[in-house]
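One structure is given here, and the rest of the page talks about it.
In the working numbering, the protein residues as written are 1162 to 1286.
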């Protein structure tokens, strides 16, 4: 682990931040009665992804990074389902929903690779 790097240097964290931003833009147009429902849940799940990546990275062990990255992956899956619910309810614009789904897919692929790397590194010890 390179001590001069931070979680902000990780592609997976940067894309996770893009996901969070996209979710906030998407949910801005949701009906006001969803403020404490789907809007709140989607925003919490979206914020959880980069937050867990950052927390795991700061703990400085491959095992902790893996554990928190798996939590982030779970939050991404939760968010993916919530986007599908928003689609069914026709909340938000098609273009922002599509962009958000693409970003979620990208962060999931990056998390898969990152978790594989962390597993291999933690098994070396």
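For each residue, glycine too, the CB sits at the ideal point set by N, CA and C.
Do you know how far the Cα of residue 1250 is from the Cα of residue 1214? Residue 1214 sits at position 53 when you count from the first residue of the chain shown. Residue 1250 sits at position 89 when you count from the first residue of the chain shown. If I take the Cα positions, the gap works out to 31 Å.
Is residue 1234 near residue 1269, with beta carbons less than 9 Å apart? Walking along the chain shown from the start, residue 1234 turns up at place 73. Walking along the chain shown from the start, residue 1269 turns up at place 108. Yes, the Cβ-Cβ distance between residue 1234 and residue 1269 is below 9 Å.
On the DSSP letters alone, give me the boundaries of the alpha helix (DSSP H) that residue 1239 sits inside. Within the chain shown, numbered from 1, the residue matching residue 1239 stands at position 78. 1223-1249 is the extent of the alpha helix (DSSP H) around residue 1239.
So, helix, strand or coil for residue 1252, using DSSP? As a first step, residue 1252 is located in the chain shown; it is residue number 91 there, counting from the start. Here residue 1252 sits in coil by DSSP.
Closest Cα partner of residue 1247 within the set 1220, 1195, 1168, 1177: Here residue 1247 is taken as the residue at index 86 of the chain shown, counted from 1. Out of 1220, 1195, 1168, 1177, 1195 has the C-alpha closest to the C-alpha of residue 1247.
How should residue 1188 be labelled, buried or exposed, when 16 other C-beta atoms within 10 angstroms of its C-beta is the threshold for buried? Counted from its first residue, the chain shown places residue 1188 at position 27. With 16 or more other Cβ atoms within 10 Å, it is buried.
Below 8 Å on the Cβ atoms is my contact criterion, and I expect residue 1206 with residue 1236 to pass it. Report the Cβ-Cβ distance as a whole number of Å. Here residue 1206 corresponds to residue number 45 of the chain shown, with the count starting at 1. Here residue 1236 corresponds to residue number 75 of the chain shown, with the count starting at 1. Residue 1206 to residue 1236, Cβ: 5 Å. Contact.
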